[in-house]
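**Student:** Pasting a structure here, questions to come.
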Amino acid sequence: MILHYQLTGQGPLVVLVHGLFGSLENLGGVARALSEHFQVLNIDVRNHGRSAHSDEMNYSLMAADLSETLEGLGLRPFAVLGHSMGGKLAMEFALRYPEQLDRLIVADIAPVSYSARHNSVFAGLNQVDLLHIANRGEADQQMAQHIVEPGVRQFLLKSLEKTDNVFRWRFNLAALQQQYPQLISAPQAGGQFNGKVLFIKGAESDYILPEHRETILGLFPKAQAKIIQGTGHWLHAEKPSAFNKLVSDFLLT
């Protein structure tokens, strides 16, 4: 699958990969910061944003999508940066196509399987009556029955659009819910990636834990880790200056 993308800047290529329920807009600030020194390819993964929908979704297919998109553009990345689900995709890509990149940056996710964390999100999204809501405010009210955090609802509402006078989610909700067990699983590719790797953890997030260290180093022997204090899982949005500096310093040295 050829993915929807935005290409900006000049220099060595850095690919940005967003997380679950997101789109390339989520990493727009990172793209703008990096484009001062790099060419940046910001993508919508399958079933998200403006990329095509498919009933199938797993990290092997998603890594192949990225490889196919890069091949179509005639580009080879210097580095791939992914957040959350996008970080797992980035790890899968590095392990499956190690010759295609030099460096990897993983934002607040580990190469492990997780228990389900999005049941309330799926319940809230399914609560929205897309055929009968008049505006985003009504969608927000309906989601609030299951999703307490206003910030999470506002994030999801970024993917709600109106087409032919009817609201629709830009992401493929049915496929994401059906394939969710695939998305919380560990990367499937074997082997190792021996390039430089940076894991960035939000200090208040529990996605990367001390017990993940052995698994991380088994797959990425040159991995190093940095922690951003005062941030949770959305570290690039909560502390953008600190996040962008860590990324730039890693890529420029």
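The sequence shown begins at 1 in the UniProt record's numbering and counts up by one.
Just so you know, even glycine gets a beta-carbon here, dropped at the ideal spot from N, CA and C.
1. I need the straight-line Cα distance from R170 to R50, nearest angstrom please.
2. Compare the beta carbon distance of L24 and D55 with 8 Å and say whether it is the shorter of the two.
3. What is the rounded straight-line gap between the Cα of G137 and the Cα of N26?
4. Measuring alpha carbon to alpha carbon, tell me which residue in L41, A134 and Y207 is nearest A186.
5. In the DSSP assignment, the beta strand (DSSP E) including I227 goes from what residue to what residue?
6. Mapping the DSSP letters down to three states, classify N42 as helix, strand or coil.
7. Keeping to the same chain, check which residues put their C-beta closer than 6 Å to that of V7; ignore five residues upstream and five downstream.
8. How should R76 be labelled, buried or exposed, when 16 other C-beta atoms within 10 angstroms of its C-beta is the threshold for buried?
9. Comparing C-alpha positions only, which one of D249, A174 and K226 sits nearest to M57?
10. Pop quiz: V247 and L81 are said to be a contact at Cβ under 8 Å. What is the actual Cβ separation, rounded to whole angstroms?
11. Would you check if the region 58-72 and the region 190-199 touch, i.e. whether three or more CB-CB distances between them fall below 8 Å?
12. Among residues of its own chain, excluding the 5 on either side of S35, which ones have a beta-carbon nearer than 7 Å to its beta-carbon?
13. Please classify Q154 as buried or exposed, where buried requires at least 16 neighbouring CB atoms within 10 angstroms.
14. Alpha helix (DSSP H) containing Q141: first to last residue?
15. Are the beta-carbon atoms belonging to A79 and L101 less than 8 Å from one another?
16. Buried or exposed for G19, going by 16 or more other Cβ atoms inside 10 Å?
17. Below 8 Å, how does it come out for the region 217-232 and the region 119-135: are there three or more Cβ pairs, yes or no?
18. Among the residues of its own chain, which have a CB less than 6 Å from the CB of residue 292, if the five just before and after it don't count?
19. Give the C-beta separation of H236 and V14 to the nearest angstrom, bearing in mind that I take them to be a contact with Cβ-Cβ under 8 Å.
20. Relative to the C-alpha of V106, which candidate in F122, I200 and L251 has its C-alpha closest?
21. Mind checking V121: buried by the 16 CB within 10 Å criterion, or exposed?
22. How big is the Cα-Cα spacing for A110 and S205?
23. Tell me the start and end of each unbroken beta strand (DSSP E) in the region 39-80 that is at least 3 residues and wholly inside, in chain order.
24. Is the Cβ-Cβ distance between R46 and M85 less than 8 Å?
25. Can you grab the Cα-Cα spacing for the pair K196 / R32, in whole Å?
26. Per DSSP, which residues does G202 bridge with? Please list them.
27. Can you name, in chain order, every residue of its own chain whose Cβ lies under 8 Å from the Cβ of S60, other than the five neighbours on each side?
**Tutor:** The relevant details are as follows:
1. Whole-angstrom Cα-Cα distance: 7 Å.
2. Result no, Cβ atoms of L24 and D55 do not sit closer than 8 Å.
3. 21 Å
4. Y207
5. A223 to I228
6. Reduced to three states, the DSSP call for N42 is strand.
7. The sequence given here places Leu at residue 7; Val does not occur at that position. So the list reads L41, once near-sequence residues are dropped.
8. R76 should be labelled exposed.
9. A174
10. 7 Å
11. no
12. T8 and G9
13. exposed
14. R136 to M143
15. yes
16. buried
17. no
18. Nothing can be reported for residue 292, as the shown portion of the chain is limited to 1 through 253.
19. Contact flag wrong, Cβ pair sits at about 14 Å.
20. Closest option to V106, Cα to Cα, is I200.
21. By the C-beta density criterion, V121 is buried, having at least 16 other C-beta atoms within 10 angstroms.
22. 12 Å
23. The qualifying runs are 39-43.
24. no
25. 23 Å
26. I228
27. E92, R96, Q188 and A189
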